[in-house]
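Contents: one structure, followed by commentary.
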């Protein structure tokens, strides 16, 4: 930060602070309420995921991926197993693909619900948070019913999934979707169209499309800036090319394109699209086995693979390098939240402290994934 | 009235002016303090339950009579109070210790003095001033000194931010609140709260009670400006930026713990009572019955006054659990560019209305 000018003050937001979404420290240079520079300090949650992965077998990496993005653990699993299967050049049974998509989309809804609810909390609205958490709870109940875990599932395995869906899962899930879809309108009435909420988010923290692209921002944050990029559509993996869904884009609904409201709004629309995908997947899901016959010790052929998937936070990429032994030579994770955080300094300059909290919340970061 | 009555009564016994004054103040002050404490306890419980029902929860259920589950958590706030009493009272090493310890008293005094002039009924009022309205507005601003003291003495950046925001906010919102309360003063032609309530007797347009809020369109607008400004003055959502927990951790209260913090809490709820009381007395007919001529004798006055008071406090809670929070510049925008011009216009409007129709 260098020399502090006489009229400036350094404010440490975090690592213990209600709105840093984990243990993040923001070193904020302020002049009164106006922010002139932000330096995020990472690493409070660093657990050596990548290095640790080099000392365990390929299957044992999966629980670590759970703990990276703990709000969308299914999607983290999904990315890793898809990359592994590409490396090993195996094809999983069709039922497995469907189950994975169902779980991934359910977890996307759960993750977005938390992101939107916590965003309301950052802006000061307490009640929508609890409404969204209430519905997220029902998704977690379904996960618990399927695989026994509520947060860290270790559900998707290389070549299959750990448990088949329970017999009445389809009924329960459709029941949930029928209950859930009208709730979205309730959230909108409660929070989205609230005048104060719009005042606080519209025109605030604008990320222009070129800035977003040059920082490598992905996911809803990029789409909020109006760039149409969704890995599910543009580089389809698994069976995403079979489903009919839109890629929602920010349109400057109440203000400038790429503001906080657009990022919020894109997430809200994505929930609707996920419901659409879920309905199709639940309708078409075939029967069959959910385990691919694989040797006890997985030894992928020598070589490397980079596969990206669309997690709720954006492009989640895994680079896996194999030297033919049962342990990976290198596992690298490309974290979407990390790039989203890196743009914070640029977009927050000149805004107020309250706005920094609003911008940080709209980027929807998960520290577990940033620090790894 | 109580204080004056007591002094007069003591004077009949003997001629001890200072002693009788002190006795009268203590006799009327202790119940007032009890009201304040009871108000905070009940209000905290109600706030928890109200917020719980709004959020699709059930709220506290554990601490009931008999201290077992299933009694609606009626003793929850009592348990909280005990917890706060026995908590360690920390004073930061680097703080200005004298100011740090003084601040809760100042804030408490601000809230307590205001309560003295609230007319709970035609007889239940500790001090019936001829400048009651002015007095409540004046002592209401003492609290902000305590807030700034607390924020500065804590030697903490969050506290300082909270205190500065709070000072700016409370001082700004006193202006529209003051300009709006001028409207009932103009209508009733008095600053005495009892006389103001007596002015609101009877009917207007045959059906509505003759409350100042229903008197003419300007008073109607003035009430809403006053009420919103009152919410802002008590630092509650959507104007809770001084203690915005998602931004400033706890604002100026960050470094306080245990009972010092509890005193802040007590004062916040007492402030709600005072500003709502002023709104009820000035605009909503005070202890007058909503059906003129019925249920307006004896204890009914207290009932109606408390009923209106509770309604306003409930609305404040409703705000809190529904709205997001404004930003500090938007808050100032609303105050200086919207409320103050309208409030000024209101004063002229009421004056002209009185000239033509009154």
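Residue numbers (this note's numbering), protein chains in the order written: chain E, 1 to 372; chain Y, 1 to 358.
Cβ atoms here follow ideal geometry from the backbone N, Cα and C, with glycine treated the same way.
Using 8 Å as the threshold, is the C-beta distance between residue 328 of chain E and residue 322 of chain E below it?
Contact flag set, yes.
Thinking just about the alpha-carbon of each residue, which of E/344, E/348, E/273, E/347 is nearest to the one in residue 101 of chain E?
That would be E/273, whose Cα lies nearest to the Cα of residue 101 of chain E.
Quickly, what does DSSP pair residue 37 of chain E with across the bridge? List them, please.
DSSP, once it has assigned bridges, lists E/29 as partnering residue 37 of chain E.
With a 10 Å radius around its C-beta and 16 neighbouring C-beta atoms as the bar for buried, classify residue 1 of chain E as buried or exposed.
Because residue 1 of chain E carries a pLDDT of 46, less than 50, the predicted location of this residue cannot be relied on, and no value is offered for it.
If you run the structure through DSSP and keep just helix, strand and coil, what is residue 17 of chain E?
Here residue 17 of chain E sits in coil by DSSP.
At the 8 Å Cβ level, is residue 57 of chain Y part of the contact set with chain E, yes or no?
Chain E contact via Cβ: present.
Which bits of chain E does residue 249 of chain Y rub up against, with CB to CB less than 7 Å?
Here the neighbours are 17, 18.
For residue 330 of chain Y, which residues in chain E fall below 7 Å Cβ to Cβ?
Under the 7 Å cutoff, chain E gives 199.
Which of the three DSSP states is assigned to residue 221 of chain Y in this structure?
The answer is helix: DSSP assigns residue 221 of chain Y an H, G or I state.
Taking residue 324 of chain Y as the query, report the chain E residues whose CB atoms sit under 8 Å from its CB, ordered along the chain.
What residue 324 of chain Y touches in chain E: 120, 123, 124, 125, 191, 194, 196, 197, 200.
Kindly indicate if chain E contains any beta-carbon less than 8 Å away from that of residue 337 of chain Y.
Not one chain E Cβ lies under 8 Å of residue 337 of chain Y.
Mind listing which residues of the region 227–238 of chain Y have their C-beta closer than 9 Å to chain E's C-betas, in chain order?
The region 227–238 of chain Y vs chain E, Cβ under 9 Å: 237, 238.
Shorter than 8 Å from the beta carbon of residue 355 of chain E to some beta carbon of chain Y?
Chain Y, which has a Cβ nearer than 8 Å to the Cβ of residue 355 of chain E, makes this yes.
At 8 Å on the CB atoms, spell out the chain Y contacts of residue 130 of chain E, in chain order.
In chain order: 55, 56, 57.
Give the residues of chain Y in contact with residue 134 of chain E, contact being defined as C-beta atoms less than 7 Å apart.
Residues of chain Y passing the Cβ test: 56.
What whole-angstrom Cβ distance do residue 185 of chain Y and residue 133 of chain Y have, given they're in contact under 8 Å?
With a Cβ gap of about 6 Å, residue 185 of chain Y and residue 133 of chain Y count as contacting.
With burial defined as no fewer than 16 other Cβ atoms inside 10 Å of the residue's Cβ, what is the status of residue 85 of chain Y: buried or exposed?
Exposed, since its Cβ has fewer than 16 Cβ neighbours within 10 Å.
Quick one: does residue 181 of chain E have its CB under 8 Å from some CB of chain Y?
For residue 181 of chain E, the answer is no, since every Cβ of chain Y falls outside 8 Å of its Cβ.
Helix, strand or coil: how does DSSP classify residue 69 of chain Y here?
Interpretation of residue 69 of chain Y is limited by its pLDDT of 49, a score under 50 that renders its predicted location unreliable; the figure taken from the coordinates is listed afterwards. The answer is coil: DSSP assigns residue 69 of chain Y none of H, G, I, E or B.
Would you say residue 33 of chain E reaches chain Y, if we count a Cβ-Cβ gap shorter than 8 Å as a contact?
So, interface residue.
Show which residues of chain E have a CB atom less than 7 Å away from the CB atom of residue 260 of chain Y.
Going along chain E, no residue has its Cβ under 7 Å from residue 260 of chain Y, so there is no contact; the nearest lies around 21 Å.
Any residues in the region 262–283 of chain E with a beta carbon nearer than 8 Å to a beta carbon of chain Y? Which ones, in chain order?
Going along the region 262–283 of chain E in chain order, one finds no residue with a Cβ nearer than 8 Å to chain Y.
Output yes if chain Y places a C-beta closer than 8 Å to the C-beta of residue 222 of chain E; else output no.
So no, residue 222 of chain E is outside the interface.
Whose CA, out of E/269, E/219, E/271, lies closest to the CA of residue 310 of chain E?
For residue 310 of chain E, the nearest C-alpha among the options comes from E/219.
Tell me where the alpha helix (DSSP H) around residue 28 of chain Y begins and ends.
That run of the alpha helix (DSSP H) goes 17–54.
Strictly under 8 Å for the Cβ-Cβ distance: is residue 352 of chain E near chain Y by that measure?
Output row for residue 352 of chain E: interface = yes.
Assuming contact is defined by CB atoms lying nearer than 8 Å, are residue 271 of chain E and residue 197 of chain E in contact in what I supplied?
Cβ distance not < 8 Å, so residue 271 of chain E and residue 197 of chain E don't count as in contact.
Can you check whether the CB of residue 307 of chain E is closer than 8 Å to the CB of residue 86 of chain E?
For residue 86 of chain E and residue 307 of chain E, yes; Cβs fall inside 8 Å.
For residue 9 of chain Y, count neighbouring C-beta atoms within 10 Å of its own C-beta (all shown protein chains included) and say buried if the count is 16 or more, exposed if not.
Residue 9 of chain Y is exposed by the Cβ-count criterion.
Name the residue from Y/177, Y/247, Y/203, Y/215 whose alpha carbon lies nearest to the alpha carbon of residue 229 of chain Y.
Residue Y/177 is the option with its Cα nearest to residue 229 of chain Y.
Would you check if the region 28–44 of chain E and the region 273–288 of chain E touch, i.e. whether three or more CB-CB distances between them fall below 8 Å?
Result no; under three Cβ-Cβ pairs closer than 8 Å.
For the alpha helix (DSSP H) containing residue 311 of chain E, list its first residue and its last residue.
No alpha helix (DSSP H) contains residue 311 of chain E, which is instead part of the beta strand (DSSP E) from 303–311.
Tell me where the alpha helix (DSSP H) around residue 298 of chain E begins and ends.
Element bounds for residue 298 of chain E: n/a, residue is neither H nor E.
Under 8 Å between beta-carbons, which chain Y residues line up against residue 316 of chain E? List them in chain order, please.
Ordered by position in chain Y, no residue passes the 8 Å Cβ test against residue 316 of chain E, which lies about 27 Å from the chain.
Measuring CB atoms only, is the region 288–301 of chain E touching the region 244–254 of chain E, in the sense that at least three cross pairs come out at less than 8 Å?
Segments in contact, no.
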